[in-house]
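One structure is given below, encoded as structure tokens.
Chains as they are written, first to last, in the UniProt record's numbering: chain A, 1 to 253; chain B, 1 to 253; chain C, 1 to 253; chain D, 1 to 253; chain E, 1 to 253; chain F, 1 to 253.
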């Protein structure tokens, strides 16, 4: 059995629930999805500042839950804390953006990211750049209106998002659409027939990529930049995180 | 049940056999691997010219076998014919290089490609560039000696390849090693404990990524640059390929 | 006397005839143009899949005709098979796209590619990228309507193409226009006064660049990635190509 | 009078003290340096994971101290939390790496980053990339031995760092050396005569750049991606940070 | 006291006067601004050809005035002659474009350059590329109408330039506006409240960056590509420049 | 008859003579080579400062000689003043570096630049970058010793340059060697059999490319960034250059 931690760095439990349903449907029969919603932070990360906070929450949660999962999914599209998580954990960690974009790369040459709020644009763009995938990006297209509730965005915005995706195909040359943002989990299934190119959503892609990485058994780096950092004392951090930082192999710095 | 075509664009049946064993081990229980070795071409593609020939063989074979598989793997590391195959086929097609590199991207930031013959360097480098992944490439490291038989390279060269991989980690900053080249199928499993970072090989990665794409059911593009090309008459091509080219939707050019 | 092979990887003899007229006009007095139209393939390459097929035809034709020319022109704008041809041949080989773009680079900083069918866009763009010239590309502008016959596109579409070229200058910042696509051979001469920047067409540029390379006598690489590949056995290929692959210098892989 | 917050995201008070001395020396007479050392975190940030934690500490501290300074310096070389801080704050915020690198750009074309621990390499490289300055980077050169105490690195390692800097000039083509890492504050002054190109250190550069930004009075963005994020509720965060997140202008998402 | 040479490579004395007023306002109390207008050249550099001429005038003026200043500002936005000036001079030299752009980089991620004449576009774009800052450029926006007098452009065009800047923010994603072109000196102060992101102008930024470089005392390169070139004889050049070229250290070439 | 101006921006008449001999040999029978050596400047341009001076001399000479040639060659490898010259002249202008590099691009994928003095490195590298060809550059390899006379470098340094070129092939992956620097004119012919890849030299390549551009009759841009600049008054410039600047079409700025 494979245990996948579905770690939502947003505090919105309803978003976690929505992703959980999608994740269970995407997962193999012998995969257990372990949902977790951070207790501290914001309901929905949309800016660089909120991503900084969310990244720290990711590390705290991973440290707390360490040992209870075989792979972890950072379930927010900009992948807050991903690099740090990959260093610290002995098991695979994937981000929603990373999994969605890399999967899209196997279905066409250029993808567009479509989501529901303009505020997300700069953070998403920096995320694509950080993954070195700007050459594969056709465009980022975002709705600019407000919405009633983060928990019901897919129902409220489905038609507008479909229009946006179609424009990305026609005007920007997108070969694939990546529906981005944890709140949109599940939307791909209901709208994909209305969009004339393959549609990928982060949650399902991340679940399957995490299973794939577990299945390959590639192992933890013992050298290079993703090896466990050298043990380090710390002050004022949650005990589990402090212990994780303190417990690496003896090495310089 | 998922039927995966393992399409070797090289004429070496023993290399196909080697990959088949790895593929079966990597595949899910309900996946059937359908091996196919092209009848025309060279025993082992190593240069741009040979890749041009192999690419055409890939399209011929896909046309011939069309309808008998749910996804196809182009089982040579430089992914000959991949873009064309993705246009023509209604089912997912993945390349060994593509699958290996994109999987590696989820285990670290930069990967090194390690293989057994210097002749492969330029073709591999152009392949990485074509996938837009040069920013993620730490290095390409290749053995420069000759070898006895293409079918037994892994046994003959294991130690040298391990040394090369370790150098890529130490000197080039590789976070992940991608063992490249169809003849190396299976080697990752036997040497990975001797290499201090995750080791990916194309065959296993491609099998699992193909399963993943089938599982996501992302569908065939009906617009954009990977839609089926408009129907086109042709002359002198094998009947199946000619028919495939002729049978697209009616569209301009 | 210099013998230039004008190798059309499309099966359209009328397109070859059109290019031949332009080529003869562009050529030096002591240059003989040897036209050749492939017997197998499609009337006009417009997609990645068709380019894969055309690339293989290029190698077959070059092998067949080897020894009868001093330089060869791959007379289709996306340069199918160019890298492989350059490896295999002992004489210079240039592509229509390559010659057109590099010549344009000496007349301004950024060029736009203008052609007659939207289907060509992705293939052309990947061709520009493969040549490492994306920084010099202002835009690719393509007509989106259908056309009556591939042999009479220039007459039918001249006005629309001029409009497109002018938009590329005004809106995209093009310093030079490259009229792309073998069927447009000869159009530059008739429309250039109506376009306010220099206009280059592939056929004339390729003829002159091929003459230039012959004139410089730069010679065949005996090392590096364009040296003749090591001899390799093959199966099922046309005799001339098989012999060419078998006849390289003795080297590893 | 200009009040500059010198915010050390490391918990090492002795490093703060060292930077404070350099900062005071670099500052204009009417500048007051306000030192602050975070209470939670690690003594010296060296990895991606530690940078994630430090970034969150930066936002907490800025929120806590908001209103008491005219500009802030994030006093760790990789600039943890910089983008988020720039969004949230109404006054200029600069990072040590950013200030050091941009200043170096005015003294030559390519700079090398020189520091005292190999563990810093990946984080620093990602920092350079995030700032879009990889084209200006000649190399990153790092010492690989251990050190006795983070507070006395400059004294202990001066000679080795000078050697490293000289190698960067001779072998990597560095026009300028950026001495990186908060613990090296003050070293530039003592070693610069032994290095044959200009030597910049982050602390002094950041103090002066912060003064410069205050002096220019460029103001806070009211639009674009660095405007104050829309107000957002939060849970479990320190009161000052929670209040800061809650207090933005009314806007969507 | 710091002596800053404000070297206008344009022959327009009224533009120098305008910049002088801005420079004096931006400068520290103990900074003396030394204005200089070249006697030979064009009233306002707007093209590549004019920049070539202006660059030579910059070197002539710097040689002539050598020893009378502690830092120099090349007071034209495209920084004509900057690299050469930096090689020859023993004191810091900064360009208006360089100072404006690098300062903008500390106030946001992407900047737009806004100026008053379309003719400036290609030169400015090449300048951004030469500084390696294309990744940070959101757009270049230029007015396309004519103007009455180079000396009164700010008064005549203020409203149109504000509109252009606002469009750059809304449509191009600019985080910061750089008002470019010596004739616009002083405009930032009067329009910045009407533009919703920070506004930087080259003159003020250059004055403060020059002071900053003097303050840091980074020194002259004695190695690397900005060391004083080896002494070289010359013919027909102004005596001061000839002497400067002749007076380097004895070295090869 | 085609008249080619061979414009040496260096003051060394013996270098002009050497290039003239090569140019005449490379030229078509009906091409007349018009040699010109600038009267002002340095014997051999090797640094950014010297290139600034040389660029202005190029424009002065072109203005002076305007009307006497059908195309011009800027006969120094870094192409000083090229962009400006291309704007001002109604006939084609090519640079030695540009012609050499673009020609090399048709003989392989990556070229190395080989020359005789380390001082040339930064200028050459910036030249490659300005042409947007860094992706095609394998390396720049330069001799570091001194030489007796600029006029006899080829004889003195042939063996060392051959060694350097061979290293570029073996260690840097060069497919083609570009022998750079006007003083090396003619060397390619004598050493090419000792270098195992094609060898290009700027002078011969530039002569033939200039002939090619004249032959294509592409015409002068009447729009875009290489149209003649709008007429502009000037002060203190040589009469011919002043008149050229004053004589453009009436346009804004």
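Idealized CB from N, CA, C, for every residue including glycine.
(request) Compare the C-beta of residue 126 of chain B with all C-beta atoms of chain F and state if any pair is closer than 9 Å. (result) On the second chain, residue 126 of chain B is found 126 positions in, with the first residue counted as 1. True, the Cβ-Cβ gap to chain F drops below 9 Å.
(request) Please say whether residue 143 of chain A and residue 117 of chain A have beta carbons closer to each other than 9 Å? (result) The residue you call residue 117 of chain A lines up with position 117 of the first chain. The residue you call residue 143 of chain A lines up with position 143 of the first chain. In this structure, residue 143 of chain A lies closer than 9 Å to residue 117 of chain A by Cβ.
(request) Output the residue ranges of the alpha helix (DSSP H) runs that lie fully inside the stretch 19–87 of chain B and measure 4 residues or longer, sorted by chain position. (result) 48–65
(request) Step through the CB atoms of chain A and report whether any lies within less than 9 Å of the CB of residue 109 of chain E. (result) Counting from one through the fifth chain, the residue named residue 109 of chain E turns up at place 109. Closer than 9 Å: yes.
(request) Given a cut-off of 9 Å, decide if residue 107 of chain B and residue 141 of chain B are closer than it, judged by their beta-carbon atoms. (result) Position 141 of the second chain, counting from 1, holds the residue named residue 141 of chain B. Position 107 of the second chain, counting from 1, holds the residue named residue 107 of chain B. Cβ atoms of residue 141 of chain B and residue 107 of chain B: not closer than 9 Å.
(message) Restricting to runs no shorter than 4 residues, where is the alpha helix (DSSP H) found entirely within the stretch 109–176 of chain B?
(response) 121–130 and 153–172
(message) Please report the straight-line C-alpha distance between residue 181 of chain F and residue 34 of chain C, rounded to a whole angstrom.
(response) As a first step, residue 181 of chain F is located in the sixth chain; it is residue number 181 there, counting from the start. As a first step, residue 34 of chain C is located in the third chain; it is residue number 34 there, counting from the start. Each residue's alpha carbon lies about 37 Å from the other.
(request) Within its chain, find whatever has a CB closer than 8 Å to the CB of residue 66 of chain D; leave out the 5 residues flanking it on each side and keep chain order. (result) On the fourth chain, position 66 is the one that residue 66 of chain D refers to. Cβ within range, chain order: 89, 240 and 244.
(request) Following the continuous alpha helix (DSSP H) through residue 187 of chain B, name the residue where it begins and the one where it ends. (result) Position 187 of the second chain, counting from 1, holds the residue named residue 187 of chain B. Residues 187–191.
(message) At the 9 Å Cβ level, is residue 12 of chain A part of the contact set with chain B, yes or no?
(response) To locate residue 12 of chain A, count along the first chain from 1; it is residue 12. Chain B, which has no Cβ nearer than 9 Å to the Cβ of residue 12 of chain A, makes this no.
(request) Along the beta strand (DSSP E) that carries residue 2 of chain C, what are the first and last residues, could you check? (result) Working through the third chain from its first residue, we reach residue 2 of chain C at position 2. Here the beta strand (DSSP E) through residue 2 of chain C covers 2–8.
(message) My parser needs the beta strand (DSSP E) runs of 3 or more residues fully inside the stretch 186–243 of chain E; what are they?
(response) 199–201
(message) I'd like to know if residue 52 of chain A contacts chain D, where contact means its C-beta is closer than 9 Å to some C-beta of that chain.
(response) Here residue 52 of chain A corresponds to residue number 52 of the first chain, with the count starting at 1. Taking Cβ atoms only, chain D reaches closer than 9 Å to residue 52 of chain A, which makes this a yes.
(message) Starting from residue 100 of chain B, trace the alpha helix (DSSP H) in both directions and tell me its first and last residue.
(response) Your numbering for residue 100 of chain B matches position 100 in the second chain. Residue 100 of chain B -> alpha helix (DSSP H) spans 96–104.
(message) the ligand GDP and residue 40 of chain D: does any heavy atom of the ligand fall closer than 8 Å to the residue's C-beta?
(response) The ligand GDP is not part of this structure, which contains no ligands at all.
(message) I'd like to know whether the C-beta atoms of residue 213 of chain D and residue 204 of chain E end up nearer to each other than 9 Å.
(response) Sequence index remark: in the fourth chain, residue 213 of chain D carries index 213 (1-based). Sequence index remark: in the fifth chain, residue 204 of chain E carries index 204 (1-based). Not in contact: residue 213 of chain D and residue 204 of chain E (Cβ atoms no closer than 9 Å).
(message) Taking DSSP's pairing of strands, which residues face residue 93 of chain B in a bridge?
(response) For the purposes of this step, residue 93 of chain B is taken as the residue at position 93 of the second chain. B/72.
(request) Taking C-beta pairs closer than 7 Å, name the residues in chain I that residue 87 of chain B reaches, listed in chain order. (result) No chain I appears in this structure, whose protein chains are A, B, C, D, E and F.
(message) If you measure between the beta carbons of residue 78 of chain A and residue 10 of chain A, is that distance less than 9 Å?
(response) As a first step, residue 78 of chain A is located in the first chain; it is residue number 78 there, counting from the start. As a first step, residue 10 of chain A is located in the first chain; it is residue number 10 there, counting from the start. Contact flag unset, no.
(request) Using a Cβ cut-off of 9 Å, pull out every chain A residue sitting near residue 200 of chain B, in sequence order please. (result) Taking the first residue of the second chain as 1, we reach residue 200 of chain B at position 200. Residues of chain A passing the Cβ test: 216 and 218.
(message) For residue 289 of chain A and residue 80 of chain D, I'd like the C-alpha separation in whole angstroms.
(response) With chain A running from 1 to 253 in the structure shown, residue 289 of chain A is simply not present.
(request) Could you name the residues of the same chain whose beta carbon sits closer than 6 Å to that of residue 219 of chain F, not counting the 5 residues immediately before and after it, in chain order? (result) To locate residue 219 of chain F, count along the sixth chain from 1; it is residue 219. Taken in chain order, the list of residues that qualify is empty.
(message) Does residue 87 of chain C pass the burial test, meaning 16 or more other C-beta atoms within 10 Å, or should it be called exposed?
(response) For the purposes of this step, residue 87 of chain C is identified with residue 87 of the third chain, where counting begins at 1. By the neighbour-count rule (16 or more Cβ atoms within 10 Å), residue 87 of chain C is buried.
(message) Any beta carbon of chain A sitting closer than 9 Å to that of residue 121 of chain C?
(response) Taking the first residue of the third chain as position 1, residue 121 of chain C is located at position 121. For residue 121 of chain C, the answer is yes, since a Cβ of chain A falls inside 9 Å of its Cβ.
(message) For the pair the stretch 167–174 of chain C and the stretch 221–230 of chain B, tell me if three or more CB-CB distances fall below 8 Å.
(response) no
(message) Could you check whether the stretch 2–19 of chain E touches the stretch 109–124 of chain D, counting it as contact only if at least three pairs of C-beta atoms, one from each stretch, sit closer than 8 Å?
(response) no
(message) On the CB-based measure, 16 or more other CB atoms within 10 Å of its CB, does residue 30 of chain B come out buried or exposed?
(response) On the second chain, position 30 is the one that residue 30 of chain B refers to. It counts as exposed.
(message) Between the stretch 228–240 of chain C and the stretch 143–154 of chain D, can you find at least three pairs of beta-carbon atoms closer than 8 Å?
(response) no
(message) Please report whether the beta-carbon of residue 254 of chain D lies at a distance below 9 Å from any beta-carbon of chain E.
(response) Lying outside 1 to 253, the shown extent of chain D, residue 254 of chain D is not represented and no answer is given.
(request) Report the three-state DSSP secondary structure of residue 252 of chain F (helix, strand or coil). (result) Working through the sixth chain from its first residue, we reach residue 252 of chain F at position 252. The predicted position of residue 252 of chain F is uncertain, since its pLDDT is 39 and thus under 50; a value taken from the coordinates is nonetheless stated next. It is coil, neither helix nor strand.
(request) With DSSP as the reference, label residue 107 of chain F as helix, strand or coil. (result) Your numbering for residue 107 of chain F matches position 107 in the sixth chain. Correct three-state label for residue 107 of chain F: coil.
(request) Please list the residues of the stretch 161–174 of chain A that have a C-beta atom closer than 8 Å to any C-beta atom in chain D, keeping them in chain order. (result) none
(message) Residues of chain F with CB closer than 7 Å to the CB of residue 21 of chain C, please, in chain order.
(response) Numbered from 1 along the third chain, position 21 holds the residue referred to as residue 21 of chain C. Per Cβ cutoff of 7 Å: no residues; residue 21 of chain C is ~16 Å from chain F at best.
(message) Among the candidates D/50, D/95, D/68 and D/103, whose CA atom is the shortest distance from the CA of residue 199 of chain D?
(response) Numbered from 1 along the fourth chain, position 199 holds the residue referred to as residue 199 of chain D. Answer by Cα proximity: D/103.
(request) Would you list the one or two residues that DSSP bridges to residue 178 of chain F? (result) Translated into positions along the sixth chain, residue 178 of chain F becomes position 178. In DSSP, residue 178 of chain F forms a bridge with F/113 and F/200.
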